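S.K.: Pasting a structure here, questions to come.
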Amino acid sequence: MYGENWGDVAGDTNADAIIRDRKDEVKALNWVGAIIFLGFIATCIWYANSPSPGLLAFLIFMAVMEVGVLIQYELWKSHTILLIAERRVQLVEQQLLHITQGISELRSDRSY
Numbered sequence: 022m023y024g025e026n027w028g029d030v031a032g033d034t035n036a037d038a039i040i041r042d043r044k045d046e047v048k049a050l051n052w053v054g055a056i057i058f059l060g061f062i063a064t065c066i067w068y069a070n071s072p073s074p075g076l077l078a079f080l081i082f083m084a085v086m087e088v089g090v091l092i093q094y095e096l097w098k099s100h101t102i103l104l105i106a107e108r109r110v111q112l113v114e115q116q117l118l119h120i121t122q123g124i125s126e127l128r129s130d131r132s133y
């Protein structure tokens, strides 16, 4: 709904699965944002026809809620990107461990 840049995962099927799952989870947040936005528009129209301090307070409250949903959505995307980055770091650590173990085995074979 708000933005579709969830990170570059070219060739990483596990990262694609993480993004797909997270996008499915965020669909409810999209609906909440849309409902709040429609409520905000309706309140704006109502306030334009009959201004009152109570309606103004409610209008401000609705605007703050919409901004909160936008921030939560962006944080959700950022967290998804961090999950993928953490997974890639773990894969690199595993590869380095495998390489160092291989080097250690080669050194031990040479000593005989």
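Each residue of the sequence shown is one higher than the last, beginning at 22 in our numbering. By construction, the Cβ of each residue, glycine as well, lies at the ideal position given by its N, Cα and C atoms. None of these values were measured; they are calculated from a predicted model.
(1) What is the rounded straight-line gap between the Cα of residue 23 and the Cα of residue 50?
(2) The alpha helix (DSSP H) that contains residue 99, what's its start and end?
(3) Under 8 Å, do residue 20 and residue 80 count as touching if we go by C-beta distance?
(4) Give me the Cα-Cα distance between residue 89 and residue 126, rounded to the nearest whole angstrom.
(5) Starting from the Cα of residue 94, find the closest Cα among 54, 39, 105 and give me that residue.
M.R.: Considering the structure as presented:
(1) By one-based count along the sequence shown, residue 23 stands at place 2. By one-based count along the sequence shown, residue 50 stands at place 29. Confidence at residue 23 is low in this model, with a pLDDT of 40, below 50, so its placement is unreliable and the value that follows should be read with caution. So the alpha carbons of these two residues sit roughly 11 Å apart.
(2) Residue numbering aside, residue 99 sits at position 78 when the sequence shown is read from its first letter. Its alpha helix (DSSP H) spans residues 74–131.
(3) The requested residue 20 is not part of the displayed model; the chain covers only 22 to 133.
(4) In the sequence shown, the residue the question calls residue 89 occupies position 68. In the sequence shown, the residue the question calls residue 126 occupies position 105. Rounded to the nearest angstrom, the two C-alpha atoms are 55 Å apart.
(5) Position 73 of the sequence shown holds residue 94. Looking at the Cα atoms, 54 is the closest of the given residues.
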